[in-house]
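Protein chains in written order, with the numbering used here: chain A, 33 to 138; chain B, 2 to 459.
Just so you know, even glycine gets a beta-carbon here, dropped at the ideal spot from N, CA and C.
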């Protein structure tokens, strides 16, 4: 059955990691969802590139972090923090595309 | 490895963000060996480093610092503030030091201050660049000598070594310029022989105050107890606890890689780290490991002037205007450009709230469902006059622009304010965000000043 990621995640957020990087965190509600997302490779570079309309070279890494039952995606900022045209100095409101992710759960 | 506990009180996430007095005094009652606080960040953007101003409020920095100084000196333990003034360059350090001296006079405090500057000499940075000792952080452009020269302020995030030098010189109050956040907490215990991996990991969590607790707060205290094999985290307010998840999750915060956290002269490895709840709102952390790297690298931060800004804020409640907003803005931009005939240099940016102001071209929602939109018209130009002119002409053109299908012909914009145009002032941008190799990690200028009952002793 197809479900929305908000059923599996308790936190979905974005933030600067320095002025040139944006880092996205998805923290799962429990170990089961963390294991499912990791095993099925649901958060993968192709998906992130499609959601954010970026080339793969803009992705620095996608890492699962077991102690926090979380996955972290780090990418290039579209515009460096505070440079002309930036609309989100702290990078704290760039998470919305992740809210659309769907996954299969049997 | 010392067997005794080393206890650290972290009052707040950033000096000036505040904390409840009850939490702070509960921390003091646990008899900490160190009271330390981070005062800075690059998060608020390039303006603060570039302009030399603080992003924190003077009255509240003074309030927080007064608690730290008075209670720290009463306990007879060191008080450390790093990245003074927010960005930690010379004017920020001087600003924070001025506040500290005021408190010292008012409270008639006696102590030995160590003030450590983090500014990097431009000639030295250019020399390092020429011999290949500077490299960019990911996605930052290659550094140029022009970018170094254009920087209004250039600082390096110092590690713990300059702080240790100040401790060894007998300083019990340390005010450091730009400093690696965890070093404020970790420098002293590492000098006393505690494990650097545990001490830096503890510092990494404490530097955010109670943000790593649950529920998190950037305006509350956190307390850390370091031993030979582990460290223990606890919140000091009954409103929050540390949990295994909250402590572990914090390692993700604002960092690119949760397993490998690079800092000055080394990398903190968390691959074998374990987080265990002790059942009383405390969490014990083990297995954090620090690896020294060679050569020793520090992060440089610089910001340069990028012009002057003026903005105007307006709204629209017209469905026809809203539906055509892209083509209207495009046409207005073209008309302004034709009128100006390139006589006024600068850029116009439309931030259209209700459409894509937050995410720009990465916004996935292409259909606009808003019944009203907000437009921030921004002009950035080489002079304040040019920014004002660009903004004024763009604003009036948009206000009265006759787009096809228009039925509301008295004006396209609702202004919440008069004057509608706001001169914001100087604009800065990051010019340097690079790693530089250094030979002597402790070689940051240390100035020692003795205070006796609030007066500076000569």
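query: Counting only runs of 3+ residues fully inside the segment 410-459 of chain B, write out the beta strand (DSSP E) ranges in chain order.; result: 422-439, 447-453
query: So, at 6 Å on beta carbons, what are the nonlocal neighbours of residue 34 of chain B in its own chain, with the 5 sequence-adjacent residues on each side left out?; result: 7, 8, 78
query: Check the Cβ-Cβ distances between residue 79 of chain A and every residue of chain B, and say whether any is below 8 Å.; result: no
query: Which whole-angstrom value is the C-beta distance of residue 421 of chain B and residue 348 of chain B, which I expect to be below 8 Å?; result: Actually they are not in contact, since the Cβ atoms of residue 421 of chain B and residue 348 of chain B sit about 19 Å apart, beyond 8 Å.
query: My understanding is that residue 62 of chain B touches residue 100 of chain B, with C-beta atoms under 8 Å, so please give their C-beta distance in whole angstroms.; result: 6 Å
query: For residue 249 of chain B, which residues in chain A fall below 7 Å Cβ to Cβ?; result: 99, 100
query: Taking the beta strand (DSSP E) that residue 33 of chain A belongs to, which residues open and close that run?; result: Looking at the DSSP string, residue 33 of chain A is not in any beta strand (DSSP E), and its letter there is neither H nor E.
query: Taking 8 Å as the cut-off, does the segment 270-289 of chain B touch the segment 38-54 of chain B (at least 3 CB pairs, one atom from each stretch)?; result: no
query: For residue 109 of chain A, count the other beta carbons within 10 Å of its own beta carbon; 16 or more makes it buried, fewer makes it exposed. Which is it?; result: buried
query: Just how far apart, CA to CA, sit residue 393 of chain B and residue 285 of chain B?; result: 59 Å
query: Alpha carbon to alpha carbon, what distance is there between residue 175 of chain B and residue 255 of chain B?; result: 26 Å
query: Look at the alpha carbon of residue 281 of chain B and the alpha carbon of residue 287 of chain B, and state the distance between them as a whole number of angstroms.; result: 18 Å
query: Counting only beta-carbon atoms, is residue 350 of chain B nearer than 8 Å to chain A?; result: yes
query: Are there 16 or more other CB atoms within 10 angstroms of the CB of residue 453 of chain B, so buried, or fewer, so exposed?; result: exposed
query: Of all the options A:135, A:113, A:136, which has the alpha carbon lying nearest to the alpha carbon of residue 125 of chain A?; result: A:113
query: Span of the alpha helix (DSSP H) holding residue 100 of chain B?; result: 91-108
query: Going by beta carbon distance, what residues of the same chain come within less than 8 Å of residue 25 of chain B, once the five residues before and after it are set aside?; result: 10, 12, 68, 72, 222, 237
query: Is it true that the CB of residue 116 of chain B sits closer than 8 Å to the CB of residue 94 of chain B?; result: yes
query: Once the 5 residues before and after residue 172 of chain B are set aside, which same chain residues still bring their CB inside 7 Å of it?; result: 113, 114, 115, 449
query: Closer than 8 Å, CB to CB, is residue 274 of chain B near chain A or not?; result: yes
query: Secondary structure at residue 1 of chain B, three-state DSSP: helix, strand or coil?; result: With chain B covering only 2 through 459, there is no way to say anything about residue 1 of chain B.
query: Apart from the five residues just before and just after residue 215 of chain B, which ones in its own chain have a Cβ nearer than 8 Å to its Cβ?; result: 241, 242, 243, 244, 246, 247
query: For the structure I just gave you, are there three or more beta carbon pairs, one from the segment 146-157 of chain B and one from the segment 85-94 of chain B, closer than 8 Å?; result: yes
query: In the DSSP output, which residue or residues are listed as bridge partners for residue 354 of chain B?; result: B:375
query: Span of the alpha helix (DSSP H) holding residue 190 of chain B?; result: 184-192
query: Tell me which residues share the same chain as residue 143 of chain B and place their Cβ nearer than 7 Å to its Cβ, disregarding the 5 neighbours each side in the sequence.; result: 137
query: With the cut-off set at 8 Å, would you say residue 131 of chain A and residue 44 of chain A are in Cβ contact?; result: yes
query: Please list the segments of the alpha helix (DSSP H) lying wholly inside the segment 71-126 of chain A, counting only runs of 4 or more residues, in order along the chain.; result: 77-84
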